[in-house]
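Residue numbers (the numbering used here), protein chains in the order written: chain D, 122 to 436; chain L, 22 to 515; chain F, 2 to 285.
All residues carry an ideal CB built from backbone N, CA and C; glycine is no exception.
As the structure is a computational prediction, the values presented were derived from the model and not from experiment.
These notes concern the structure reproduced below.
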Amino acid sequence: MLSYASKRVLIGIATMLAASIVVFAVLEVVPGDPARLMLGMNATEDAVRALQEQMGLNQPLLVRYFHWLGGLLTGNLGRSYTYAVPVIDLITERIAVSLPLALISLALSTTIALPVGLFSASRRGTISDTATMGAAQIGVAIPNFWFALLLVYIFAVTLRLVPAGGFPGWSAGMWPALKSLILPSIALALPQAAILARVTRSALLDVLGEDYIRTARAKGLTRRSVLYRHALRNALIPILTILGLQFAFLLAGTIIIENVFYLPGLGRLVFQAITQRDLIVVEGVVMLLVATVILINLLVDLSYAVVDPRLRGRT
Amino acid sequence: MMKFLKSALAGAAIALVASTTSFAAKTDLVLGVVLEPPHLDPTAGAAAAIDEIVYANIFEGLTRIGPKGEVLPDLAESWTLSDDGKVYTFQLHKNVKFHDGTAFDAEDVKFSLDRARGDKSTNAQKGLFADIDTVDVVEPLTVRIALKQPSGDFLYNMGWGDAVIVAPESADTNKEKPIGTGPFKFDSWAKGSQIVISKNPDYWGTPALLEKATFRIIPDPAAATAALLAGDIQAFPVFPSYETIAQFQADPRFKVVIGTTEGETVLGMNNRKPPFDNVKVRQAIAHAIDRKALIDGAMFGLGTPIGSFFPPHHPAYIDLTSETAFDPALSKKLLAEAGHAGGFKTTLKLPPPTYARRGGEIIAAELREIGIEAEIIPLEWAQWLEQVFKGKDYDMTIVSHTEPNDLNIFARDDYYFNYDNPAFKDLIKAIEATSDPEKRTDLYQQAQKMLATDVPAAFLFQLPKTGVWDAKIEGLWENGPIQANDLTAVKWVD
Amino acid sequence: MSVPAEWQQNLAKAFSNRSFLIGLIITGLIALTAVLSFVWTPYAVGTLDIAGKLKPPSEAHWLGTDHYGRDILSMIMVGSRNSIAVALVSVVIGIAVGVPLGLWAAARGGLIDEILMRFNDLVFAFPALLSAVMITAVFGPGAVNAIIAIGIFNIPVFARVARGAALVLWPREYILAARASGKGALRITVEHILPNMANLLIVQATIQFSLGILAEAGLSYVGLGSQPPMPSWGRMLFEAQTMISLAPHMALFPGLAIVVTVLGLNLLGDGLRDVLDPRLRRDR
Chain D
122 MLSYASKRVL IGIATMLAAS IVVFAVLEVV PGDPARLMLG MNATEDAVRA LQEQMGLNQP
182 LLVRYFHWLG GLLTGNLGRS YTYAVPVIDL ITERIAVSLP LALISLALST TIALPVGLFS
242 ASRRGTISDT ATMGAAQIGV AIPNFWFALL LVYIFAVTLR LVPAGGFPGW SAGMWPALKS
302 LILPSIALAL PQAAILARVT RSALLDVLGE DYIRTARAKG LTRRSVLYRH ALRNALIPIL
362 TILGLQFAFL LAGTIIIENV FYLPGLGRLV FQAITQRDLI VVEGVVMLLV ATVILINLLV
422 DLSYAVVDPR LRGRT
Chain L
22 MMKFLKSALA GAAIALVAST TSFAAKTDLV LGVVLEPPHL DPTAGAAAAI DEIVYANIFE
82 GLTRIGPKGE VLPDLAESWT LSDDGKVYTF QLHKNVKFHD GTAFDAEDVK FSLDRARGDK
142 STNAQKGLFA DIDTVDVVEP LTVRIALKQP SGDFLYNMGW GDAVIVAPES ADTNKEKPIG
202 TGPFKFDSWA KGSQIVISKN PDYWGTPALL EKATFRIIPD PAAATAALLA GDIQAFPVFP
262 SYETIAQFQA DPRFKVVIGT TEGETVLGMN NRKPPFDNVK VRQAIAHAID RKALIDGAMF
322 GLGTPIGSFF PPHHPAYIDL TSETAFDPAL SKKLLAEAGH AGGFKTTLKL PPPTYARRGG
382 EIIAAELREI GIEAEIIPLE WAQWLEQVFK GKDYDMTIVS HTEPNDLNIF ARDDYYFNYD
442 NPAFKDLIKA IEATSDPEKR TDLYQQAQKM LATDVPAAFL FQLPKTGVWD AKIEGLWENG
502 PIQANDLTAV KWVD
Chain F
2 MSVPAEWQQN LAKAFSNRSF LIGLIITGLI ALTAVLSFVW TPYAVGTLDI AGKLKPPSEA
62 HWLGTDHYGR DILSMIMVGS RNSIAVALVS VVIGIAVGVP LGLWAAARGG LIDEILMRFN
122 DLVFAFPALL SAVMITAVFG PGAVNAIIAI GIFNIPVFAR VARGAALVLW PREYILAARA
182 SGKGALRITV EHILPNMANL LIVQATIQFS LGILAEAGLS YVGLGSQPPM PSWGRMLFEA
242 QTMISLAPHM ALFPGLAIVV TVLGLNLLGD GLRDVLDPRL RRDR
């Protein structure tokens with residue numbers, strides 16, 4: 122078990138390292154000079170050169186890469202070219218929006234999807250099962266940004282119940298801040314809930330088909346009590362896996378929704394930083410998100426191995 | 022008895038009025054701005070977003086630009102000019118302090134100007150200081166600036182945000198914590214969301230009327246509309262959503278002020294690259310553009326058509342739009358004369374602003390009507406600056422030139438238009454050397470006509486300044502002679 | 002192998018499968034619309050009519066007009082070409098590169114397999130949209146780059162499916178027999194492995210196709226997909242956003258087009274999975 126775990130961790134680290142090279146190399150060939158962008162149309166050439174020097178852009182590529190990598194290892198993501206503050210500060214500020222958003226939508230999608238999946242599974246083949254799964258099928262097909270637009274039109278433009286966009290900041294108080302996260306988290310949660318409901322249903326049905334469930338049924342337990350006592354618990358593993366993946370997806374997948382609602386989250390930060398050629402910020406955020414995905418996958422793998430020792434042999 | 026009643030009523034009325042006025046004395050304001058500034062040091066970046074927050078509010082220069090584009094004294098109380106027009110002597114205001122308590126004097130002026138024009142300067146408008154030969158401290162509050170040659174624009178140049186006076190103690194930290202001499206002090210900055218400034222109680226001049234002002238960053242037009250309607254923000258001096266202006270015009274709670282800017286919007290063409298080196302092709306393109314449809318479609322009717330590169334609010338302006346009136350038949354004829362009867366394929370590189378993206382789509386469709394297939398290539402600003410502006414690797418582009426006094430860009434060598442017309446260069450030289458207003462006007466008009474017929478770029482419209490704010494606010498600028506939100510005279514009225 | 006008989010059987014199964022039927026009808030209609038748009042649309046999409054902009058649905062314009070006075074129905078029809086083309090080509094890229102990679106890894110095993118799997122991990126570690134943003138920052142926005150951005154993510158998907166299926170097939174007796182008779186790994190792969198995973202790949206391709214439609218819409222919505230004057234559903238939604246209080250119909254119809262298309266493909270995929278039962282057949 123330990124050797125399996127350490128192998129997984131090593132692979133995770135190697136993937137991170139490879140990712141850092143890819144990120145750095147890709148962004149290096151992005152056309153556009155951050156110094157020129159900051160100084161604009163009337164800038165003189167020597168002013169641009171002076172700024173490039175100040176930003177450290179005139180150093181050779183490899184020197185910059187290792188400097189950056191060395192910083193990463195010590196937890197220093199560098200200083201933003203445009204904002205001139207540590208990248209980590211920018212990320213912390215933005216996570217205060219993205220993380221709550223991802224968590225709220227995850228909670229929302231779970232509270233919708235689990236009961237729906239359970240309901241559907243317990244009434245397999247009935248009209249209500251077909252209807253719920255039909256609705257879930259449509260939910261999966263709805264692009265979240267379009268759903269967001271519809272929500273904005275109904276609740277912000279027409280009914281004026283909630284703001285159409287923007288974020289007042291947590292300093293403005295709990296309620297105003299939460300209020301501006303309501304529509305975005307619903308928009309994010311719905312398609313996720315549809316997927317999760319389908320997974321929950323099929324995981325439950327799979328478990329219900331297993332031998333020991335049949336035995337339990339044969340022993341005279343009612344279908345309902347089998348469903349809740351045995352099936353649900355055993356179906357939790359695939360459900361939790363999907364949840365883990367969805368969380369990683371949500372954290373990064375908020376990019377479009379943050380654009381619709383203009384929320385100052387991580388996604389907006391990346392977008393903005395790319396247009397401003399604030400590449401060091403882009404590199405920092407991408408690495409953070411990549412690390413999150415790798416970490417979650419690692420946890421999922423390891424927890425699988427704990428549950429099912431047969432998997433340890435495979436990688 | 023009646024008398025008593027009357028006076029009692031009057032008294033009650035006075036009390037009522039007094040109580041409402043004291044009740045209505047609102048002293049804070051939340052403004053919307055579209056772009057977040059990268060940092061807050063106007064002497065180290067071109068972003069108009071910096072000036073929109075700090076100009077006149079936090080930082081001050083020797084002179085300043087007023088709401089009508091006029092030059093006003095600021096930190097310099099007065100000045101004299103030597104007879105040869107080359108040496109300015111500025112008398113500075115007494116008792117001026119920076120926000121951190123350090124005193125302001127002539128040394129700060131020398132420091133700021135020498136820093137801006139020095140070798141390590143990262144000033145985005147370094148050219149503003151090119152005329153300066155020396156800066157000398159004569160007395161603690163007297164500074165002498167010697168120029169290399171007489172310059173009619175020097176006092177104006179010193180009023181730019183890039184020429185504000187900073188202190189040596191705080192110059193390096195102004196990006197994060199700007200320290201100026203202005204009527205407002207920097208308070209806080211929540212990145213991606215808002216910047217707060219508050220009244221400077223120790224201000225040397227007329228104090229600000231607001232206690233606190235918050236600039237909320239809202240780049241999304243739909244969110245901007247919603248925030249104004251909801252009252253989250255009370256003013257949007259440069260409102261980004263042209264399509265919803267009409268909605269605010271119909272709403273008595275708001276004041277909509279459509280002013281002018283210095284932004285001449287042009288369809289730039291690469292004058293050295295065939296077929297744009299042929300004046301007939303350029304004229305054909307200009308005649309193919311329906312300015313009214315363009316302004317209606319891209320700007321929702323806001324914006325003044327222009328026929329040359331000159332702002333309509335300038336006294337020397339002449340309307341030359343008829344020179345390149347919409348006439349597709351003439352366009353086709355001109356194309357045929359130029360040897361491109363069947364049209365040709367070309368590209369149209371567009372920077373991000375709405376006017377460019379939407380305008381580009383409309384112009385591409387109009388050009389298709391006369392046989393020119395223009396492929397649209399959207400670019401971010403960084404790429405646009407690199408490819409189009411610096412690299413001159415483009416066929417056509419759309420951009421608004423928002424700097425004031427910029428007729429001379431068509432006379433610059435190595436400018437992105439690649440336009441080289443000795444006659445026009447002579448005209449610009451003559452304008453710079455002329456001080457007689459009438460002669461200047463005449464020369465300005467000659468220059469306008471020359472551009473209108475030679476069409477180094479197709480001239481589209483003057484960018485409007487679309488301000489929307491609460492009807493109870495007074496003192497915000499109507500026009501945008503420079504990109505600034507001067508809050509020094511802003512107040513709530515009832 | 003009696004393919005025709007098996008197909009007949011599948012066909013009969015398919016036409017009694019509800020989701021397959023509904024999915025087939027919807028997908029067929031969308032494809033027909035796309036084809037029809039080459040020869041006929043109610044209005045030309047390249048011509049602007051600024052005076053007739055932002056008109057709500059009417060008899061002349063069934064779905065209304067946009068901010069340049071273009072007919073939205075025509076735009077949606079032509080836009081379907083864009084969505085289908087981008088999603089289709091990126092699936093083809095995924096299959097063309099991913100399947101051989103997966104088969105190769107399965108046939109060779111060892112280091113090659115390990116490297117390929119680690120490469121998969123690497124690609125999957127990048128949030129898809131973020132990578133698309135970076136790719137377009139390098140190459141600039143456009144339909145081709147949208148295809149590349151989506152296609153790159155299809156490669157590991159198909160590689161994984163092909164590898165997994167091949168690993169199950171290799172130890173089968175008839176394959177072992179073929180090996181014993183001296184057939185090379187390449188020949189066995191082409192003759193025995195590939196045909197036996199075709200069903201699996203068809204189902205996966207349908208799923209990736211529908212994901213591709215969604216991804217293309219997302220990319221176009223943030224301005225990274227195909228560029229004007231080519232109509233695109235995602236960009237239509239982006240343009241509708243600021244006009245939502247003036248012309249909500251601009252936001253409604255392109256979105257519905259996306260939902261219907263994706264729904265049709267998903268139903269088709271589900272149906273195919275039921276019909277073809279892409280868990281590998283036990284033996285033969």
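- Classified as buried, D/GLN258 has 16 or more neighbouring CB atoms from the shown chains inside 10 Å of its CB.
- Three or more beta-carbon pairs separated by less than 8 Å link the segment 321-331 of chain D to the segment 225-241 of chain D, which places the two stretches in contact.
- Under the criterion of beta carbons closer than 8 Å, L/SER262 and L/ALA245 qualify as touching, at roughly 6 Å.
- Listed along chain L, the residues sitting closer than 8 Å to F/THR48 by beta-carbon distance are ALA386.
- Neighbours of D/GLN175 in chain L, taken as residues at a C-beta separation under 7 Å, are given in chain order as THR143.
- When C-beta atoms of the segment 327-342 of chain L are compared with those of the segment 472-483 of chain L, three or more pairs fall below 8 Å, so the two segments count as touching.
- Put simply, the CB of L/SER262 is near chain F, with a gap under 8 Å to one of its CB atoms.
- Using a Cβ-Cβ cut-off of 9 Å, D/GLN258 is close to SER20, LEU264, ASN267, LEU268, ASP271 of chain F, given in chain order.
- A straight-line Cα-Cα distance of about 11 Å links F/GLN10 and F/SER17.
- Listed in chain order, the beta strand (DSSP E) elements of length 3 or more contained wholly in the segment 230-305 of chain L are 233-238, 275-290.
- The segment 107-124 of chain L makes no contact with the segment 25-45 of chain F: fewer than 3 CB pairs, one atom from each, lie closer than 8 Å.
- Each of F/PRO249, F/ILE245, F/PRO255 was checked against the Cα of F/ARG236, and the nearest Cα belongs to F/PRO255.
- Residues of the segment 398-422 of chain L with a C-beta less than 9 Å from any C-beta of chain F: ILE398, PRO399, LEU400, GLU401, GLN404, listed in chain order.
- For the C-beta of D/ALA146, not a single chain F residue is nearer than 9 Å; the gap to the nearest is close to 10 Å.
- Secondary-structure assignment with DSSP links L/ALA479 through a beta bridge to L/LEU288.
- In this structure, the CA atom of D/LEU423 is about 7 Å from the CA atom of D/ALA126.
- The count of Cβ pairs closer than 8 Å, one atom from the segment 278-293 of chain D and one from the segment 342-360 of chain D, stays below three, leaving the stretches out of contact.
- Residues of chain F with a Cβ closer than 9 Å to the Cβ of D/ALA140 are, in chain order, LEU123, ALA126, PHE127.
- The beta carbon of F/MET76 is closer than 8 Å to those of VAL46, ASP67, PRO232, MET237, PRO255 in its chain, skipping five residues each way along the sequence.
- By the neighbour-count definition (other C-beta atoms within 10 Å, threshold 16), D/ARG344 is an exposed residue.
- With 16 or more other CB atoms across the displayed protein chains lying within 10 angstroms of its CB, L/ALA97 is buried.
- Within the DSSP secondary-structure output, F/PHE127 pairs in no beta bridge.
- In terms of Cβ geometry, L/ILE391 and L/SER329 do not form a close pair [threshold 8 Å].
- Listed in chain order, the non-local C-beta contacts of L/LEU102 below 6 Å within the same chain comprise TYR109, local neighbours out to five positions each way being set aside.
- Contact of D/THR203 with chain L is assigned, a C-beta pair being separated by under 8 Å.
- Chain D places a beta carbon closer than 8 Å to that of L/ASP253, counting this residue as a contact.
- Under a criterion of Cβ atoms nearer than 9 Å, the residues of chain L adjacent to D/ALA285 are, in order, ASP241, ALA243, ALA244, THR246, ALA247, ALA248, LEU250, ALA251.
- The alpha helix (DSSP H) runs of length 4 or more contained entirely in the segment 385-430 of chain D are, from start to end of the chain, 387-396, 400-428.
- By the rule that beta-carbons nearer than 8 Å mark a contact, L/ASP317 touches chain F.
- Just measuring C-alpha positions, the residue of L/LYS206, L/GLN408, L/ALA234 sitting nearest D/ARG157 is L/GLN408.
- For the pair F/ALA166 and F/LEU131, the CB atoms are not nearer than the 8 Å cut-off.
- It is roughly 7 Å from the alpha-carbon of L/ILE452 to the alpha-carbon of L/TYR465.
- Per the coordinates, the alpha-carbon of D/PHE268 lies some 35 Å from the alpha-carbon of F/VAL100.
- Rounded to whole angstroms, the Cβ separation of L/LYS512 and L/LEU249 is 19 Å, and the two are not in contact under 8 Å.
- Membership of F/SER227 in any alpha helix (DSSP H) is not indicated, and neither H nor E is assigned to it by DSSP.
- Not a single C-beta of chain F is nearer than 8 Å to the C-beta of D/TRP189.
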